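Structure first, commentary second.
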Amino acid sequence: MYTATNPEIISPRTKRGGKIFDDENLDILSHILDDFIKVPGTSIRFGLDGIMGAVPGIGDILGGIASCIIIIAAWMRGVSYVTVTRMVANVGIEVVVGSIPILGDMFDIAWRANRRNYALLTGSLYQPRKYTIQSWLFLAALCIVLAALVLLPVLLAAWLMTAAFHALFGADIHIHSWL
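See below:
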């Protein structure tokens, strides 16, 4: 059975992909996508992903597709499924937030999903337990944030309906009676 701590046993997924998905090529890809251009006189760096993201509509989608190469490589090299899921979440966050004009482009430059994902890939291969636990914690926090984003508008709507009902009819109705 394949384990990342036992290098003598090679994952069947590793046989596919060969040299194209090695660390050196993936590091170069993440560098090109996220930070190969330096703004003179600053520490700000950006890459092809940030440039493509500036193209309205299709730019962020193309950047997301390019980012999938590192995710596919991680899967093929035997990175844990929870870490691969975290990598997908990193790219998803970058694509969704990056689609916001101007602010999204600045977020793309700061978030650097490809560098994050490359670090997750290499770290997961050499310290799988640590990165699996970190990925579970990240995904748990992401689920909590998403649940809050869903619940807050619902609670706000309930509060507004209660306030409107009270203003129109003078009745004393409380939100806890709805729940």
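Number 74 in numbering that gives the first Met the number 0 belongs to position 75 of the sequence shown; there are no gaps in the numbering.
From the three backbone atoms N, C-alpha and C, an ideal C-beta is built for every residue, glycine too.
In this text the structure is predicted, and so the values were computed from the model without any measurement.
Thinking C-beta only, is VAL78 closer than 8 Å to SER29? As a first step, residue 29 is located in the sequence shown; it is residue number 30 there, counting from the start. As a first step, residue 78 is located in the sequence shown; it is residue number 79 there, counting from the start. Contact flag unset, no.
Continuous alpha helix (DSSP H) stretch holding PRO127: start and end: Taking the first residue of the sequence shown as 1, we reach residue 127 at position 128. Looking at the DSSP string, the run of the alpha helix (DSSP H) that includes PRO127 is 127–168.
Going by the beta-carbon positions, is the gap between ILE31 and PHE45 smaller than 8 Å? As a first step, residue 31 must be located in the sequence shown, where it is residue number 32. As a first step, residue 45 must be located in the sequence shown, where it is residue number 46. Their beta carbons are not under 8 Å apart, which means ILE31 does not touch PHE45 by this criterion.
By the three-class DSSP mapping on this structure, what secondary structure does PHE45 have? Here residue 45 refers to the residue found at position 46 of the sequence shown. In this structure, PHE45 counts as strand in the three-state DSSP scheme.
Report the option in ASP59, GLY52, VAL90, LEU154 whose CA atom is closest to the CA atom of LEU119. Here residue 119 corresponds to residue number 120 of the sequence shown, with the count starting at 1. Per the Cα distances, VAL90.
Counting C-beta neighbours from all protein chains within 10 Å, is the total for MET86 16 or more, i.e. buried, or is it exposed? Along the sequence shown, one-based indexing puts residue 86 at 87. By the neighbour-count rule (16 or more Cβ atoms within 10 Å), MET86 is buried.
So the candidates are ASP48, ALA53, PRO55, GLY56; which of them puts its Cα closest to the Cα of CYS67? Locating residue 67 in the sequence shown gives position 68, counting from the first residue. Nearest of ASP48, ALA53, PRO55, GLY56 to CYS67, Cα basis: ASP48.
If you scan the region 20–83 from start to end, which runs of the beta strand (DSSP E) of 3 or more residues do you find wholly inside it? none
Got a sec? Which residues, its chain only, sit under 7 Å from PHE168 by beta carbon, not counting five neighbours each side? On the sequence shown, position 169 is the one that residue 168 refers to. Correct list: empty, nothing qualifies.
Proximity below 8 Å, CB of ALA112 to CB of GLU93: Position 113 of the sequence shown holds residue 112. Position 94 of the sequence shown holds residue 93. Closer than 8 Å, so yes.
Going along the chain, which residues of its own chain have a beta-carbon closer than 7 Å to the beta-carbon of ASP22, five neighbours each way excluded? Counted from its first residue, the sequence shown places residue 22 at position 23. Hits under 7 Å: THR121.
Please report the distance separating the alpha-carbon of ILE27 from that of LEU102. Within the sequence shown, the letter at position 28 stands for residue 27. Within the sequence shown, the letter at position 103 stands for residue 102. Approximately 26 Å between the Cα atoms of the pair.
Less than 8 Å separating the beta-carbons of TYR117 and ILE69? As a working mapping, residue 117 is identified with position 118 in the sequence shown. As a working mapping, residue 69 is identified with position 70 in the sequence shown. Yes, the Cβ-Cβ distance between TYR117 and ILE69 is below 8 Å.
Sequence-distant residues of its chain with Cβ nearer than 6 Å to PHE137 (five each side left out): Here residue 137 corresponds to residue number 138 of the sequence shown, with the count starting at 1. Excluding positions up to five away in sequence, the list reads ARG85.
Comparing C-alpha positions only, which one of ILE57, VAL54, THR82 sits nearest to SER134? Sequence index remark: in the sequence shown, residue 134 carries index 135 (1-based). When only C-alpha atoms are compared, the closest one is THR82.
Would you call GLY58 buried or exposed, if buried means 16 or more other Cβ atoms sit within 10 Å of its Cβ? Within the sequence shown, the letter at position 59 stands for residue 58. By the 10 Å Cβ count, GLY58 comes out buried.
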